[in-house]
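Have a look at the structure below before the remarks.
Residue numbers (the working numbering), protein chains in the order written: chain D, 1 to 190; chain U, 1001 to 1305.
Here it is as structure tokens:
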């Protein structure tokens, strides 16, 4: 993931994915900045989110959890998800992938926002559940790209047909797994 | 000072005058005989297929570098530029390889015979022996120094053809069943466990198949957009781009590309460099197609978007 972020360092308007996004680059002056906001913040969002699952309730971990939690929420709510929403409107692969990415970014933003509200009210269990949902959607960044490799390996489909499928396959199974985890945990507790 | 300058000017004037005089005296002293041009009806482009004669080749089975049997038929163009008395000058264009030709024209009764020699510096140079009957040039080509990669004798039958650039020419639909790129398969390792539980590893060849879009997208007449090209695989993009070069008569070096265009009647390879003939629109489309190809090469099957 870091490696594909580094494709975009140094800043360039023709790097990698942007090679097939020149129409947007040329016609929408804001696209390049929003794109780079997404790329440069998302890698940290993934990293800070990952740290949240190692809380052994010691004092230092509580501090780390709180610090990286704020980073996660701030970068996500202010940059990564809104930029994702914007890019969703111009996504490759036509209407269906646009719909998918738009829903994904809205759900991502909402689940994170609700999780923040819950912790402010000190409702730990539901904070945890909403954060699991939020991070499962966050991980679509990785699962989508894995699905792409898998699909291309088995069926050499035209690139955009592929893209329409992974647009949905990237996050729906993740969310289902998240719900399964939440369901299992609630069963253990009661 | 002024006088000095004036003197210098005068001096240079005088010198230049003198030179001109000398040249005037030297120029047309001898009367050069202008050779008579003849058989102008043979001038121009002659195209056909260069068909290897496999009988003329003995394969050394023990030698793995002996790959002559892979040498297949190729489209050939012979361009006849000038005929002076019995001397004939032209060019041969085969597989992106352009060679000057020089030869002799002989007349026996009503028949014309032509021998044309390639320079002999390249290892695949040879001699054409052709005769002209019923509006066709037919005969054979024989290599000077036989080598392991080329069938030493080939047959050819050429018809005279006009090269016309027409931006509307599209790839022949005759290709329909065969839009497969056979030359460079992707190789993938696969493991199969048989009934006895033994594992066998074998290499599977995966051939690239082009999509139907290549018959509809014209990079010589339409302004292409990213949107219209995004769903194309790399092979499709390559074909659409190279179709532009084919329309200008480019002679492809890569056999995989040549293969696609040799199915089309309109394709006449006339040059190994057509860059200066490209229109502004074509150049613009080629740049876009190249960019899309780069993306397809780096990202189609790798982790990433």
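All C-beta atoms, glycine included, are put in the ideal place defined by N, C-alpha and C.
Residue 1108 (chain U) has U:1111 as its beta-bridge partners, per DSSP. The alpha-carbon separation between residue 50 (chain D) and residue 71 (chain D) amounts to approximately 12 Å.
Interface with chain U (8 Å Cβ-Cβ cutoff): residue 129 (chain D) is excluded. For the options U:1094, U:1299, U:1112 and U:1079, the alpha carbon positioned closest to that of residue 1102 (chain U) is the one of U:1079. Where residue 117 (chain D) is concerned, the enclosing alpha helix (DSSP H) starts and stops at 94–120. When the beta-carbon positions are compared, residue 1047 (chain U) and residue 1077 (chain U) come within less than 8 Å of each other.
Taking one beta carbon from each stretch, the region 31–48 of chain D and the region 122–141 of chain D have 3 or more pairs nearer than 8 Å; the two touch. The Cβ-Cβ distance between residue 1095 (chain U) and residue 1253 (chain U) falls below 8 Å.
Residue environment analysis places residue 164 (chain D) among the buried positions, since at least 16 neighbouring C-beta atoms fall within 10 angstroms of its C-beta.
Counting only runs of at least 3 residues, the region 1022–1101 of chain U fully encloses the following beta strand (DSSP E) elements, listed from N- to C-terminal order: 1044–1052, 1074–1084 and 1087–1094. Nearest CB-CB separation between residue 4 (chain D) and chain U: below the 8 Å threshold. By the C-beta criterion, the region 1148–1164 of chain U is judged to be in contact with the region 1051–1070 of chain U, since at least 3 inter-stretch pairs fall below 8 Å. Neighbourhood of residue 20 (chain D) in chain U, by CB distance below 7 Å: 1226, 1230, 1292 and 1295, in chain order.
At a cut-off of 8 Å between beta-carbon atoms, residue 1302 (chain U) makes contact with chain D. Interface residue (Cβ-Cβ distance to chain U less than 8 Å): residue 92 (chain D) is classified as such. Fewer than three beta-carbon pairs drawn from the region 1256–1269 of chain U and the region 1186–1204 of chain U are found closer than 8 Å, and the two stretches are therefore not classed as touching. Between the alpha carbons of residue 1240 (chain U) and residue 158 (chain D) lies a distance of about 15 Å. Scanning the region 1198–1265 of chain U for uninterrupted beta strand (DSSP E) segments of 3 residues or longer gives 1199–1209, listed from N- to C-terminal end. Cβ contact annotation for residue 1050 (chain U) (same chain, cutoff 7 Å, sequence separation greater than five): 1073, 1074, 1076, 1094, 1141, 1154 and 1156, in chain order. 8 Å or more divides the Cβ of residue 85 (chain D) from the Cβ of residue 60 (chain D). Close to chain D, meaning a Cβ-Cβ distance shorter than 7 Å, are the following residues of the region 1208–1221 of chain U: 1211.
In the structure shown, the three-state DSSP call for residue 23 (chain D) is helix. Residue 1138 (chain U): member of the beta strand (DSSP E) spanning 1136–1143, first to last residue. Chain D has a Cβ within less than 8 Å of the Cβ of residue 1305 (chain U).
Sequence-ordered contacts of the region 36–67 of chain D with chain U are nonexistent [C-beta pairs closer than 7 Å]. Taking 8 Å as the Cβ-Cβ cut-off, the region 147–161 of chain D approaches chain U at 148, 149, 152, 153, 156, 158, 159, 160 and 161, given in chain order. Counting every other CB atom within 10 Å of its CB across the protein chains shown gives residue 29 (chain D) a total below 16, marking it as exposed. Neighbours of residue 1233 (chain U) in chain D, taken as residues at a C-beta separation under 8 Å, are given in chain order as 156, 158 and 159. For residue 101 (chain D), none of the residues of chain U pass the 9 Å Cβ criterion, the least Cβ distance being about 11 Å. Under the three-state reduction of DSSP output, residue 1160 (chain U) falls in the strand class. A distance of 8 Å or more separates the beta carbons of residue 171 (chain D) and residue 106 (chain D).
The continuous stretches of beta strand (DSSP E) do not include residue 14 (chain D), and DSSP gives it neither H nor E. Counting C-beta atoms within 10 angstroms of its own C-beta, residue 69 (chain D) has 16 or more neighbours from the protein chains shown and is therefore classed as buried. Among the residues facing chain U, residue 23 (chain D) is included, as its CB has a counterpart in that chain under 8 Å away.
Against chain U, the CB of residue 17 (chain D) has a partner CB under 8 Å away; the residue lies at that interface.
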